[in-house]
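Trainee:
In UniProt numbering, the protein residues as written are 1 to 380.
1. Have a look at 315, 330, 317, 361 and flag the residue whose alpha-carbon is nearest the alpha-carbon of residue 323.
2. Quick one: using the 10 Å Cβ neighbour count with 16 as the cut-off for buried, is residue 308 buried or exposed?
3. Report yes if the C-beta distance between residue 81 and residue 111 is below 9 angstroms; otherwise report no.
4. What residue does the beta strand (DSSP E) around residue 231 start on, and which one ends it?
5. Pairing CB atoms from the region 115 to 134 with CB atoms from the region 43 to 54, are three or more of them under 8 angstroms?
6. What does residue 218 pair with, by DSSP beta-bridge criteria?
7. Determine the DSSP secondary structure at residue 190, reduced to helix, strand or coil.
8. Using DSSP with H/G/I as helix, E/B as strand and the rest coil, what is residue 136?
9. Does the pairing of the region 25 to 40 with the region 54 to 71 give three or more beta-carbon distances under 8 angstroms?
10. Can you name the start and end residues of the beta strand (DSSP E) that residue 74 belongs to?
11. Who pairs with residue 34 in a beta bridge, going by DSSP?
12. Could you name the residues of the same chain whose beta carbon sits closer than 6 angstroms to that of residue 39, not counting the 5 residues immediately before and after it, in chain order?
13. Taking the C-alpha atoms as reference points, what is the distance between residue 256 and residue 92?
14. Identify the residues that DSSP records as bridge partners of residue 356: which are they?
15. DSSP three-state label for residue 148, please.
16. Does DSSP put residue 66 in a helix, a strand or coil?
17. Take the Cβ of residue 231 as the centre, count every other Cβ of all protein chains shown within 10 Å, and call the residue buried at 16 or more, exposed below.
18. Since I believe residue 177 is in contact with residue 246 (beta carbons under 8 angstroms), could you give me their beta-carbon distance rounded to a whole number of angstroms?
19. Quick one: residues in its chain with C-beta nearer than 6 angstroms to the C-beta of residue 320, no 5 flanking neighbours on either side, listed in chain order?
20. Return the chain-ordered list of same chain residues with a C-beta closer than 7 angstroms to the C-beta of residue 236, the five sequence neighbours on each side being excluded.
21. Figure out for me which residue from 194, 363, 326 has the closest Cα to the Cα of residue 348.
22. Please identify the residue among 263, 316, 217 whose C-alpha is closest to the C-alpha of residue 335.
23. Indicate, with yes or no, if the ligand NAP has a heavy atom lying under 8 angstroms from the CB of residue 152.
24. Check the C-beta distance from residue 279 over to residue 197 and give it rounded, since I have them as a contact under 8 angstroms.
25. Could you give the distance in angstroms between the alpha-carbon of residue 253 and the alpha-carbon of residue 72?
26. Go to residue 10, then tell me how far its beta strand (DSSP E) extends in each direction, as first and last residue.
27. Checking 9 angstroms against the spacing of the C-beta atoms, do residue 116 and residue 142 come in under that value?
28. Bridge partners of residue 159, per DSSP?
29. In three-state terms, what does DSSP make of residue 18?
30. So the candidates are 173, 28, 204; which of them puts its Cα closest to the Cα of residue 166?
31. Which one of 131, 341, 363, 368 has the shortest CA to CA distance from residue 354?
32. Taking its Cβ as the centre, do 16 or more other Cβ atoms sit within 10 Å of residue 21, making it buried, or is it exposed?
33. Could you check whether residue 164 and residue 134 sit closer than 9 angstroms to each other, using their CB atoms as the reference points?
34. Name the one or two DSSP bridge partners that residue 84 has.
35. Between the alpha carbons of residue 209 and residue 274, how many angstroms are there, rounded?
36. Give me the DSSP bridge partner(s) of residue 387.
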């Protein structure tokens, strides 16, 4: 079986994304074109559609959850446009995502920054409990915008719920690097819930230049036209500045049943780092549940003292580096976890895909590697 996908792009492929089931693949190239391939029963990949999606190179792609949006894919171009593409299954092959003439597709939704700074990274998350979808967009001026969609059957309506700075605006001409990712888990881990994090809280990991930050959302009460309502507002939970170069990528591991979260970063200094995100107050309460260990009155006093120390709705987090991986010995560009969060993969300038697993001691160690072999690609 030939494992090489003959993508047929006439320029460098910049972004690749698979859907939830792994049977659909979308590619984006430097010339702004996108292609979607379907995997058939004979294990062959066949072209489904191709169209001009952006005026510049395609930076990022992401399929939305197949259980909710089986035919929806998001893209971000170098020109700063974020776009959602909806497939029309009844259309003829080659026009399913692209209904315009001349191969120029019309997106179901698009937006760009209202400032002079274009968007450079995005992440999409769907909350199954509330049926709401969220989009986080990170711009080159160091500001992050979060959009919300409250109607799953109408993907053209997104409203801004928060906009906040994540770093100082870079100097003109300075090399920049930005990356944003949502927590992929359905809800926060149980220790975070014990510490006071809301079950419907959102979480973001943001890489801005040399800095990595974690943001959580809490529900705040607002009033509009005399009507009180709650909305999500993000606060800085914790940040870390141990990287000695630009942070090129971040990844949040699925599967937070351990009681803590795992986050990985790819840095220009040649290291892939793995961090452990904890909520110490939740862990402390979990270890003190036995009545013999602490009196209930003392526990209530401690909870009151903790509430005074933090702002309403804001929970203390800690981010600790547990592994520093230097298998590439060259700048690391991408990191990603598998669907269970048990395997971490990284790629660098050396052209290798290195996989890591967590050891019994909690650290991450190299388990295998794949070397890319050059092959002649032919158009399908």
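Beta carbons are placed, not taken as given, at the ideal position from N, Cα and C, and that holds for glycine. None of the values given here were measured: they were computed from a predicted structure.
Mentor: On the basis of the data shown:
1. 361
2. Note on residue 308: pLDDT 47, under 50, position unreliable in the model; the coordinate value appears next. Exposed, since its Cβ has fewer than 16 Cβ neighbours within 10 Å.
3. yes
4. 227 to 240
5. no
6. 233
7. helix
8. strand
9. yes
10. 72 to 77
11. 28, 51
12. 23, 45
13. 42 angstroms
14. 344, 366
15. strand
16. coil
17. exposed
18. 4 angstroms
19. 276
20. 213, 215
21. 326
22. 263
23. In the structure on display, the ligand NAP does not appear, and there are no ligands present to speak of.
24. 7 angstroms
25. 23 angstroms
26. Where residue 10 is concerned, there is no enclosing beta strand (DSSP E), given that its DSSP letter is neither H nor E.
27. no
28. 148
29. strand
30. 204
31. 368
32. exposed
33. no
34. 74, 109
35. 18 angstroms
36. An answer regarding residue 387 cannot be provided, because it is not within the stretch 1 to 380 covered by the chain.
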